[in-house]
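Structure, as structure tokens:
Numbering (our numbering), first residue to last: 276 to 441.
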């Protein structure tokens with residue numbers, strides 16, 4: 276979330292959405308992930324429209340996230356509209372610094388560096404989220420979800436997910 280986009284009228288909506296966990300990585304909120312693109316509140320404060328950009332256009336959690344966002348906002352607003360916007364595509368550059376710290380604490384190596392286009396290399400973890408060693412190897416291009424790859428630390432030998440840069 277870009278702090279300059281938060282107004283006093285939408286602050287309550289941002290606060291509510293900061294409590295909505297990602298169903299695949301529950302330590303992160305939808306705000307931490309950077310998938311909340313915009314919030315528009317009616318002048319009377321009774322209606323709200325939120326625009327979401329999923330991490331992948333085919334992300335299996337998209338419907339669950341939209342449902343959870345709607346449920347959270349319905350605790351304050353009479354009318355809630357949830358929109359999906361696919362362009363521009365979500366990028367790991369939209370992850371907050373807090374999200375990257377939370378990923379590491381959860382055992383998922385966060386992406387490092389900024390996305391460079393054209394994206395031909397999804398990057399590699401900077402370090403093992405378990406022991407901090409930098410000697411890691413890729414086991415599989417896909418991990419527990421399409422946005423992650425499976426890696427292993429060659430020092431502590433523990434496997435871990437890496438949130439791929441994209």
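All C-beta atoms in this analysis are idealised placements derived from N, C-alpha and C, irrespective of residue type, glycine included. Owing to the predicted nature of the structure, the values given are computational and were not obtained by experimental measurement.
Open item on the list: Is it buried or exposed, residue 419, if we count other Cβ atoms within 10 angstroms and call 16 or more buried?
Closed with: exposed
TODO: Count the other C-beta atoms from every protein chain shown that fall within 10 angstroms of the C-beta of residue 417, then say buried if there are 16 or more, exposed otherwise.
DONE: exposed
- [ ] To the nearest angstrom, report how far apart residue 334 and residue 421 are at their CA atoms.
- [x] 8 Å
- [ ] Determine the extent of the beta strand (DSSP E) in which residue 312 is found, giving its start and end residues.
- [x] 311 to 316
- [ ] Can you say whether residue 316 is buried or exposed, counting buried as having 16 or more other CB atoms within 10 angstroms of its CB?
- [x] buried
Open item on the list: Could you tell me which whole alpha helix (DSSP H) segments of length 4 or greater appear in the segment 349 to 435?
Closed with: 372 to 381
Open item on the list: Can you look up residue 325 in the DSSP assignment and give me helix, strand or coil?
Closed with: strand
Task: Chain-order list of residues whose beta-carbon lies under 7 Å from that of residue 404 (same chain, five-residue window excluded) - done: 379, 382, 383, 384, 435
TODO: Could you please give me the residues that DSSP links to residue 304 through a beta bridge?
DONE: 296
Open item on the list: If you measure between the beta carbons of residue 374 and residue 307, is that distance less than 9 Å?
Closed with: yes
Task: Buried/exposed call for residue 305, threshold 16 Cβ in 10 Å - done: buried
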